[in-house]
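A.B. asks:
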Amino acid sequence: MIHRDDLRHALAIQQRLLRMVPLLSAIGSRIAGLGEAERLALRPSLATARAHLDAGTEPPPDLADAVRSLPLDASDARAWQQLIHDALADMLTEMLTLWSEVSRIEAALSGKAKLAPALARTVSETRAFPLNPDIDHAARIAAGILVTYALLCGLWYATGWHQGANAVLFSTIALAFFGGGDEPGRAIGMFARFALLATLLAGILCYGLLPLAADFATFAMMMGLFMLPLGVWAAVSPMATLLLAFGLSNINLQGHYSPPDFGTFVEASVASMLGIFTAILGAGLFRTWGVQHQLQRVLRIEAREIARLSRSPSRRLRDSYVQRALDRISVVTARLAAAGQIERSAGLLIRLRVGANVADLRSMGNALPADGRQATDRVLDQLRSEFDKPQPSSRLLALIDEALDALWPGDGSPGARPDRAIHALAGLRIALFERAPAWVPAT
Numbered sequence: 538m539i540h541r542d543d544l545r546h547a548l549a550i551q552q553r554l555l556r557m558v559p560l561l562s563a564i565g566s567r568i569a570g571l572g573e574a575e576r577l578a579l580r581p582s583l584a585t586a587r588a589h590l591d592a593g594t595e596p597p598p599d600l601a602d603a604v605r606s607l608p609l610d611a612s613d614a615r616a617w618q619q620l621i622h623d624a625l626a627d628m629l630t631e632m633l634t635l636w637s638e639v640s641r642i643e644a645a646l647s648g649k650a651k652l653a654p655a656l657a658r659t660v661s662e663t664r665a666f667p668l669n670p671d672i673d674h675a676a677r678i679a680a681g682i683l684v685t686y687a688l689l690c691g692l693w694y695a696t697g698w699h700q701g702a703n704a705v706l707f708s709t710i711a712l713a714f715f716g717g718g719d720e721p722g723r724a725i726g727m728f729a730r731f732a733l734l735a736t737l738l739a740g741i742l743c744y745g746l747l748p749l750a751a752d753f754a755t756f757a758m759m760m761g762l763f764m765l766p767l768g769v770w771a772a773v774s775p776m777a778t779l780l781l782a783f784g785l786s787n788i789n790l791q792g793h794y795s796p797p798d799f800g801t802f803v804e805a806s807v808a809s810m811l812g813i814f815t816a817i818l819g820a821g822l823f824r825t826w827g828v829q830h831q832l833q834r835v836l837r838i839e840a841r842e843i844a845r846l847s848r849s850p851s852r853r854l855r856d857s858y859v860q861r862a863l864d865r866i867s868v869v870t871a872r873l874a875a876a877g878q879i880e881r882s883a884g885l886l887i888r889l890r891v892g893a894n895v896a897d898l899r900s901m902g903n904a905l906p907a908d909g910r911q912a913t914d915r916v917l918d919q920l921r922s923e924f925d926k927p928q929p930s931s932r933l934l935a936l937i938d939e940a941l942d943a944l945w946p947g948d949g950s951p952g953a954r955p956d957r958a959i960h961a962l963a964g965l966r967i968a969l970f971e972r973a974p975a976w977v978p979a980t
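Those letters in the sequence shown? Residues 538 to 980, by this note's numbering.
1. How big is the Cα-Cα spacing for phenylalanine 731 and glutamate 804?
2. Glycine 768 and isoleucine 682: beta carbons closer than 8 Å?
3. The alpha helix (DSSP H) that contains cysteine 690, what's its start and end?
4. In whole angstroms, what separates the C-alpha of proline 596 from that of phenylalanine 728?
5. Grouping DSSP H, G and I as helix and E and B as strand, with all else coil, what is proline 951?
6. In chain order, which continuous runs of the alpha helix (DSSP H) of length 4 or greater are located wholly inside the segment 892 to 953?
7. Could you tell me if aspartate 938 is buried or exposed, where buried requires 16 or more neighbouring beta carbons within 10 angstroms of its beta carbon?
8. What first and last residue would you give for the alpha helix (DSSP H) that runs through glutamine 618?
9. Going by the beta-carbon positions, is the gap between arginine 888 and serine 847 smaller than 8 Å?
10. In the DSSP assignment, the alpha helix (DSSP H) including alanine 816 goes from what residue to what residue?
11. Use the C-beta contact count for arginine 861: other C-beta atoms within 10 angstroms, 16 or more gives buried, fewer gives exposed.
12. Measuring only the C-alpha atoms, how far is serine 708 from tyrosine 686?
13. Can the beta-carbon of aspartate 897 be found closer than 8 Å to that of alanine 808?
14. With respect to the alpha helix (DSSP H) encompassing glycine 964, which residues constitute its N-terminal and C-terminal limits?
15. Grab me the residues of leucine 905's own chain with a C-beta within less than 8 Å of its C-beta, minus the 5 sequence neighbours each way, in chain order.
16. Please report the distance separating the alpha-carbon of arginine 915 from that of isoleucine 838.
17. Is arginine 837 helix, strand or coil by DSSP?
18. From leucine 652 to leucine 633, what does the alpha carbon distance come to, in whole angstroms?
19. For alanine 676, collect the residues of the same chain with a Cβ closer than 7 Å to its Cβ; drop the 5 residues on either side in sequence, then sort them by chain order.
20. For the alpha helix (DSSP H) holding valine 558, just list the boundary residues, first then last.
21. Does the distance from the C-beta atom of isoleucine 564 to that of leucine 629 stay below 8 Å?
22. Quick one: give me the first and last residue of the alpha helix (DSSP H) that proline 581 is part of.
23. Determine the burial state of arginine 932: buried for a count of at least 16 other Cβ atoms within 10 Å of its Cβ, exposed for fewer.
24. Using DSSP with H/G/I as helix, E/B as strand and the rest coil, what is histidine 699?
25. Identify whether valine 977 lies in helix, strand or coil by the three-state DSSP scheme.
26. Would you mind giving the Cβ-Cβ distance between serine 612 and leucine 600, rounded to the nearest angstrom? I have them listed as a contact below 8 Å.
27. So what's glycine 745 in DSSP terms, helix, strand or just coil?
28. How would you call proline 559, buried or exposed, if buried means at least 16 neighbouring beta carbons within 10 angstroms?
29. Mind checking leucine 561: buried by the 16 CB within 10 Å criterion, or exposed?
30. What's the gap between the Cα of arginine 541 and the Cα of phenylalanine 970?
31. Rounded to whole angstroms, how far is the Cβ of valine 604 from the Cβ of leucine 635, which I believe are closer than 8 Å?
32. Let me know the secondary structure DSSP gives leucine 712 once reduced to three states.
33. Tell me, to the nearest whole angstrom, how far the beta carbon of leucine 965 is from that of valine 859; I am working on the premise that it is less than 8 Å.
34. Skipping 5 residues on each side, what residues in its chain have a beta carbon closer than 7 Å to that of serine 950?
35. Answer yes or no: do arginine 641 and alanine 650 have a C-beta to C-beta separation smaller than 8 Å?
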């Protein structure tokens with residue numbers, strides 16, 4: 538049994554690692570947007586960060602200052618460059634701090650060290666994030682099951698067919714095992730092919746091989762002819778176990794072998810296949826299959842959750858969203874990789890960064906001056922209205938720039954502006970308008 542303190546330590550590690558994922562993505566996007574001179578000047582700082590990352594120690598005090606002091610161009614884009622440098626410095630510091638906490642918590646979990654009081658208190662307050670039910674997905678699966686069950690039970694009741702129960706049973710088995718997947722029709726269709734093959738092999742066993750058995754030796758020989766090849770096949774295809782189950786379930790062994798009437802066997806097999814193919818019909822009535830549909834479904838869920846983040850500021854809600862978003866990304870990426878469309882997963886990480894920036898922006902709303910709060914509210918309102926559009930509009934870009942103007946002081950001095958809100962706006966701008974010209978403060 539896992540001790541409660543060990544579980545809290547594991548959850549604390551997990552939650553910090555999850556917080557690092559959007560950080561790493563944002564750091565990569567900002568480094569990719571730097572000029573050649575800036576990248577050369579950044580190399581020593583990245584080497585220092587790598588050394589502290591390998592050692593699992595906290596970032597040195599001068600790392601952030603070195604990144605903030607990267608060279609600037611003699612152009613109107615100086616303010617945007619400085620903003621990128623400031624955000625990059627804060628992100629590198631936060632990432633190294635999170636990783637050092639992960640290392641210390643891991644050492645405490647293995648009994649090699651004790652946590653500092655402040656970190657120990659934070660770990661003791663760690664709680665698991667709740668999992669939001671996917672009601673739409675569950676309702677569609679339930680509707681398919683209901684229709685399948687109603688059709689077969691109605692047929693059974695209307696005809697009095699004594700094999701009707703067999704059809705209901707196999708439809709239930711097919712939907713229970715394969716109905717909740719991304720492509721239930723394909724999975725149940727494979728199940729149907731194996732079931733048909735199993736029925737043919739069961740007929741050969743019951744009416745061809747076993748009637749030749751006169752004693753135990755010949756019985757063992759006949760069973761070996763049936764089971765050994767299937768056992769070898771089952772080593773590479775788990776579905777081959779189905780063939781064994783089908784074949785052996787039709788054996789009626791008493792004092793002597795007495796197979797059922799061949800007509801009964803055929804009728805039971807027809808009922809089984811009818812149940813399986815009716816399950817395919819029920820699974821397809823309320824759902825669209827394929828990787829493209831799953832990707833669109835994930836994007837719709839992302840849009841709803843980001844819209845919720847734009848209204849309800851909460852650090853825990855933000856971290857919970859990141860966890861669920863990463864779960865969805867991992868699932869969809871596996872599907873995209875199987876379909877040869879792995880490059881599309883990059884868009885999901887961009888969505889994740891958008892959601893994290895929206896949460897940060899909303900959580901800072903009450904601390905902003907009135908004009909800055911109104912400007913950021915307009916950005917969030919416009920963003921909510923554009924979630925379903927394939928590309929963000931130029932109107933949204935203009936509103937982000939207006940919000941940056943409202944929050945950026947005339948002298949641009951560090952510490953004289955709400956850095957976190959400005960960094961969130963810059964993160965939105967980079968994620969949604971990567972190729973847009975640099976922002977220039979209004980004069």
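Just so it is clear, CB atoms sit at the ideal spot from N, CA and C, and this is done for glycine as well.
C.D. replies: Reading it off the structure:
1. When rounded, the separation of the alpha-carbon atoms in phenylalanine 731 and glutamate 804 is 18 Å.
2. One thing to note: glycine 768 has its Cβ no nearer than 8 Å to the Cβ of isoleucine 682.
3. Segment 672 to 696, the alpha helix (DSSP H) holding cysteine 690.
4. For proline 596 and phenylalanine 728, the distance between alpha carbons rounds to 55 Å.
5. Because the pLDDT at proline 951 is just 46, under 50, the model does not fix this residue reliably, and the value given afterwards should be weighed accordingly. It is coil, neither helix nor strand.
6. Positions of the alpha helix (DSSP H) runs, each at least 4 residues long and wholly inside the segment 892 to 953, are given as 907 to 922 and 931 to 944 in order along the chain.
7. With 16 or more other CB atoms across the displayed protein chains lying within 10 angstroms of its CB, aspartate 938 is buried.
8. In the DSSP assignment, glutamine 618 falls within the unbroken alpha helix (DSSP H) covering 615 to 646.
9. Cβ distance not < 8 Å, so arginine 888 and serine 847 don't count as in contact.
10. For alanine 816, the enclosing alpha helix (DSSP H) has its first and last residue at 799 to 822.
11. Only buried fits arginine 861, as 16 or more other CB atoms lie within 10 angstroms of its CB.
12. Rounded to the nearest angstrom, the two C-alpha atoms are 8 Å apart.
13. Contact: no.
14. Segment 956 to 969, the alpha helix (DSSP H) holding glycine 964.
15. Answer for leucine 905: Thr913, Leu944, Pro955 and Ala958, listed in chain order.
16. Going from the Cα of arginine 915 to the Cα of isoleucine 838 covers about 23 Å.
17. The answer is helix: DSSP assigns arginine 837 an H, G or I state.
18. So the two alpha carbons sit approximately 17 Å from each other.
19. The beta carbon of alanine 676 sits closer than 7 Å to none of the beta carbons in its chain outside the five residues before and after it.
20. Segment 541 to 569, the alpha helix (DSSP H) holding valine 558.
21. Closer than 8 Å, so yes.
22. Counting along the chain, proline 581 sits inside the alpha helix (DSSP H) bounded by residues 573 to 592.
23. By the Cβ-count criterion, arginine 932 is exposed, with fewer than 16 other Cβ atoms from all chains shown falling within 10 Å of its own Cβ.
24. Histidine 699: coil per DSSP, three-state reduction.
25. Residue state, collapsed to three classes: coil.
26. Not quite, the Cβ-Cβ distance comes to about 27 Å (not below 8 Å), so this is no contact.
27. Under the three-state reduction of DSSP, glycine 745 is assigned to helix.
28. Counting other Cβ atoms within 10 Å of its Cβ, proline 559 reaches 16 or more and is therefore classed as buried.
29. It is exposed - the Cβ of leucine 561 has fewer than 16 other Cβ atoms within 10 Å.
30. Annotation: arginine 541 to phenylalanine 970 spans about 45 Å, alpha carbon to alpha carbon.
31. Contact doesn't hold; Cβ gap of about 17 Å is too wide.
32. Note: leucine 712 maps to helix in three-state DSSP.
33. Not really, about 16 Å apart at Cβ, beyond 8 Å.
34. Because the pLDDT at serine 950 is just 47, under 50, the model does not fix this residue reliably, and the value given afterwards should be weighed accordingly. So the list is empty, once near-sequence residues are dropped.
35. Contact flag set, yes.
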